[in-house]
Every structure is written in structure tokens, then in C-alpha cells.
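Q: My questions all concern the structure below.
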Amino acid sequence: MPLRQEEVNSMARAFSGLYGGYGAYELKARYQRNMFMGTMICLALVVVIVGGALLYKVLTSSDDDIPMQVTIIKTVADLGPPPTISKPKPQVQVAQPNRAAPKVGIPKPVADDEVIDDDLVIASREELADIVAPDISQQQDDAGGQIVVDIPDEEYMPDINEFVPVEVPAEMIYEHTPEYPRLAKQAGMEAIVWVKALVDKNGEVKKAVIFKSSGSKAGFDEAAVAAAFKCKYKPAIQNGRPVPIWVAYQVEFTLTNAN
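If you read the sequence shown in our numbering, its first letter stands for residue 1, the second for the next number, and so on.
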């Protein structure tokens with residue numbers, strides 16, 4: 001059932017009486033202050049949030065977060081020059097000698113025989129050489145004699161371990177068979193001995209020593225050395241001339257070749 005006009009008006013008056021203390025006028029008078037307060041509150045919240053985030057990032061940051069410069073080396077030239085290893089030389093302070101000042105005095109008179117002759121002639125180098133080593137041949141000619149050179153012509157023999165360079169080495173042309181030791185032959189012993197011999201310009205053996213022993217006392221070493229002096233060689237050649245040289249060879253004692 002629709003309301004009547006009187007009922008509608010009475011309800012409107014009732015509502016207006018209930019809310020008659022606050023209306024559009026109050027809202028218009030306070031909305032600017034409310035807008036300002038809301039804006040400031042929002043701005044303060046934004047500042048607090050952003051500032052707190054920045055402050056937290058600063059407090060929690062460390063040196064590890066700092067970006068490092070990375071250099072990529074592709075060739076040896078990118079390494080650069082190596083650091084120097086030379087040490088600077090220390091400066092040595094050398095004390096200067098204290099030189100005494102020259103003494104200036106009054107010249108003293110001397111006798112005439114002590115005065116230095118101004119016409120004094122100093123001997124030359126050649127004249128000094130003649131004084132130290134006089135010419136013997138001239139003295140012999142003046143005396144009517146002759147000079148005799150008496151220098152012994154000794155053949156140079158190299159040391160046993162001395163290296164002598166030669167174009168043609170010494171060659172054995174005759175090897176004397178050593179005498180088989182009697183006791184070793186009866187005992188059925190065999191051995192190998194190395195002998196080192198000094199061969200002169202004529203191919204003769206001047207010295208002989210044991211280079212490598214047989215290791216026994218049966219007389220193999222002595223027999224090999226005794227036979228070495230009876231061997232013959234072609235001498236070694238150096239610059240077209242024979243020279244003495246040491247040679248080493250093996251002597252084999254076997255029962256099949258025993259006399």
C-alpha cells in the first residue's frame with residue numbers, strides 16, 4: 001500500500017531531527033584540513049618505508065658486495081713487465097784522506113858536489129834492455145868464440161789420463177801372446193785383463209800398467225804387463241808427425257789358447 005504524503009513528510013522530519021546537528025556545511029568547512037592531514041600521513045608513511053629500506057641496505061652491506069674489476073688475460077703481453085729483482089746498490093761513503101798541507105820552508109844551501117846536473121841523460125828502454133840482457137853473440141864475436149846451444153832433446157811423454165788429439169790412432173801390428181800362469185793353468189782358471197800401454201814415436205812400448213785387473217792373484221796381471229812390452233805398434237799421427245800416446249787393449253786368458 002503506497003504511503004501518503006503526510007506520512008512521507010513526517011518521516012522526513014523525523015530523520016532531519018535525528019541528524020540535524022551535522023550536515024553539508026560542516027563537511028565543506030573541514031574537508032581541506034582532512035585532505036591535508038591525509039596527504040601528510042601518506043607522505044610520512046612513504047618516507048618511513050623508503051628510508052627504512054635504504055637504511056637496512058646500508059647497514060647490511062659489506063665489502064664483499066663491492067664490485068671488483070676483473071682483467072681477462074688472453075696473451076702473454078697482457079701480463080706486463082715482471083717486477084724487478086735487482087736490489088739498489090748501497091751508497092758507500094768513502095772517507096776522504098786527510099792530506100797534510102804542503103810545508104813551505106826556506107831552501108837550504110848544499111855543497112856543489114850534491115847539486116843535480118841539469119844535463120843528466122836518462123837511459124832509454126833499448127839501452128836498459130842491453131844492460132839487463134846483453135847481446136851474447138856480439139860478445140862472443142868480439143872474443144873470437146862461438147855459441148853452442150846445448151838443449152837436451154827429450155821426447156815429451158803424455159800423462160796416463162791426458163787426452164792427445166790425433167788424426168790417425170796408434171795401431172797394434174804385433175801382439176805378443178802372454179805366458180799362461182802355471183798355477184792358474186793347473187787350477188783351470190781363466191781371466192780377462194785390460195792393459196794400458198804408452199807407445200812412443202817409433203811404435204815401441206815405453207810403459208805398461210794394469211787398466212782393469214783380473215781380480216785374482218794367480219799371476220794374470222803380471223803376465224799381461226810383461227807381454228805388453230813385446231808388442232809392436234804403428235805410431236799415432238798428429239799434424240803429419242808421429243806422437244806418443246797411451247793405448248788400452250784387452251788380454252784374454254783362455255785354456256783353449258794356453259800353451
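C-beta: ideal position from N, C-alpha, C; glycine also. Quantities reported herein were computed from a predicted structural model and do not represent experimental measurements.
Quick one: grab the DSSP three-state call for GLN238.
A: Within the sequence shown, the letter at position 238 stands for residue 238. In the structure shown, GLN238 sits in a strand (DSSP, three-state: E or B).
Q: Can you check DSSP and say which residues form a bridge with ALA191?
A: Within the sequence shown, residue 191 is the residue found at index 191, counting from 1. Answer is PHE253, bridged to ALA191.
Q: What does the alpha-carbon distance come out to for the pair VAL209 and PRO90?
A: Mapped onto the sequence shown, residue 209 falls at position 209. Mapped onto the sequence shown, residue 90 falls at position 90. In a straight line, the C-alpha of VAL209 is about 60 Å away from that of PRO90.
Q: Using DSSP's beta-bridge definition, name the partner residues of VAL199.
A: Translated into the one-based positions of the sequence shown, residue 199 becomes position 199. BP columns for VAL199 point to VAL205 and ILE245.
Q: Could you check what DSSP says for ILE49 in three-state terms: helix, strand or coil?
A: Working through the sequence shown from its first residue, we reach residue 49 at position 49. Residue state, collapsed to three classes: helix.
Q: Go to GLU155, then tell me how far its alpha helix (DSSP H) extends in each direction, as first and last residue.
A: Counting from 1 along the sequence shown, the entry for residue 155 is found at position 155. Note, GLU155: premise wrong, no alpha helix (DSSP H); not H, not E.
Q: To which residues of the same chain is VAL50 closer than 7 Å at the C-beta, ignoring the five residues directly before and after it?
A: By one-based count along the sequence shown, residue 50 stands at place 50. Excluding residues within five positions, none has a Cβ falling inside 7 Å.
Q: So LEU183 packs on GLY219, CB below 8 Å; how close in whole Å?
A: Here residue 183 refers to the residue found at position 183 of the sequence shown. Here residue 219 refers to the residue found at position 219 of the sequence shown. Correct: roughly 7 Å between the Cβ atoms.
Q: By Cβ distance below 6 Å, which residues in the same chain neighbour MET157 in space, the five residues on each side in sequence not counted?
A: Start at 1 with the first residue of the sequence shown, and residue 157 comes out as number 157. Only PRO244 meet the Cβ criterion.
Q: Excluding sequence positions up to five away, which residues of its chain have a Cβ less than 7 Å from the Cβ of VAL168?
A: Here residue 168 refers to the residue found at position 168 when the sequence shown is read from its first residue. Within the same chain, VAL168 has close Cβ partners ALA236 and ILE237.
Q: How about VAL199 and TYR174: do their beta carbons lie closer than 8 Å?
A: For the purposes of this step, residue 199 is identified with residue 199 of the sequence shown, where counting begins at 1. For the purposes of this step, residue 174 is identified with residue 174 of the sequence shown, where counting begins at 1. No; because the gap between Cβ atoms is not below 8 Å, this pair is not in contact.
Q: For a test of the three-state rule: what should DSSP assign to PHE220, helix, strand or coil?
A: Within the sequence shown, the letter at position 220 stands for residue 220. Correct three-state label for PHE220: helix.
Q: Can you tell me whether DSSP reads LYS108 as helix, strand or coil?
A: Locating residue 108 in the sequence shown gives position 108, counting from the first residue. Looking at LYS108 - three-state DSSP - the assignment turns out to be coil, as it is neither helix nor strand.
Q: Please determine, among PRO165, ARG241, ALA53 and ALA187, the residue with the shortest C-alpha to C-alpha distance to ASN202.
A: Position 202 of the sequence shown, counting from 1, holds the residue named residue 202. The candidate whose alpha carbon is nearest that of ASN202 is ARG241.
Q: For VAL58, count neighbouring C-beta atoms within 10 Å of its own C-beta (all shown protein chains included) and say buried if the count is 16 or more, exposed if not.
A: The residue labelled residue 58 in the question sits at position 58 within the sequence shown. VAL58 is exposed by the Cβ-count criterion.
Q: Between which two residues does the beta strand (DSSP E) harbouring GLU171 extend?
A: Looking up residue 171 in the sequence shown gives position 171. Looking at the DSSP string, the run of the beta strand (DSSP E) that includes GLU171 is 171-174.
Q: Sort ASN161, VAL166, MET189 and VAL225 by Cα distance to THR177 and report the nearest one.
A: As a position in the sequence shown, residue 177 is number 177, starting the count at 1. Nearest option by C-alpha distance: VAL225.
Q: For THR254, collect the residues of the same chain with a Cβ closer than 7 Å to its Cβ; drop the 5 residues on either side in sequence, then sort them by chain order.
A: By one-based count along the sequence shown, residue 254 stands at place 254. Only GLU190 meet the Cβ criterion.
Q: VAL48: buried (16+ other C-beta within 10 angstroms of its C-beta) or exposed?
A: As a first step, residue 48 must be located in the sequence shown, where it is residue number 48. Under this definition VAL48 is an exposed residue.
Q: Provide the residue(s) that pair with TYR233 in DSSP beta bridges, ordered along the chain.
A: Translated into positions along the sequence shown, residue 233 becomes position 233. Answer by DSSP bridge pairing, in chain order: MET172.
Q: If you run the structure through DSSP and keep just helix, strand and coil, what is PHE163?
A: Position 163 of the sequence shown, counted from the start, is the residue given in the question as residue 163. Three-state DSSP puts PHE163 in coil, outside helix and strand.
Q: Give me the residue from THR256, ALA227 and ASN239 with the minimum Cα distance to GLN250.
A: In the sequence shown, counting from the first residue as 1, residue 250 sits at position 250. Of the listed residues, the one whose Cα sits closest to GLN250 is ALA227.
Q: Using 8 Å as the threshold, is the C-beta distance between ALA179 and ALA223 below it?
A: Taking the sequence shown and counting its residues from 1, the one referred to as residue 179 is at position 179. Taking the sequence shown and counting its residues from 1, the one referred to as residue 223 is at position 223. Note that residue 179 is Glu in the sequence shown, not Ala. Their beta carbons are under 8 Å apart, which means GLU179 touches ALA223 by this criterion.
Q: Between SER213 and VAL193, which are expected to be in contact by the criterion C-beta below 8 Å, what is the C-beta distance as a whole number of angstroms?
A: Looking up residue 213 in the sequence shown gives position 213. Looking up residue 193 in the sequence shown gives position 193. So it is a contact: roughly 7 Å between Cβ atoms.
Q: Can you check DSSP and say which residues form a bridge with ILE210?
A: Your numbering for residue 210 matches position 210 in the sequence shown. VAL195.
Q: Measuring only the C-alpha atoms, how far is PHE229 from LYS217?
A: The residue you call residue 229 lines up with position 229 of the sequence shown. The residue you call residue 217 lines up with position 217 of the sequence shown. Roughly 21 Å between the two C-alpha positions.
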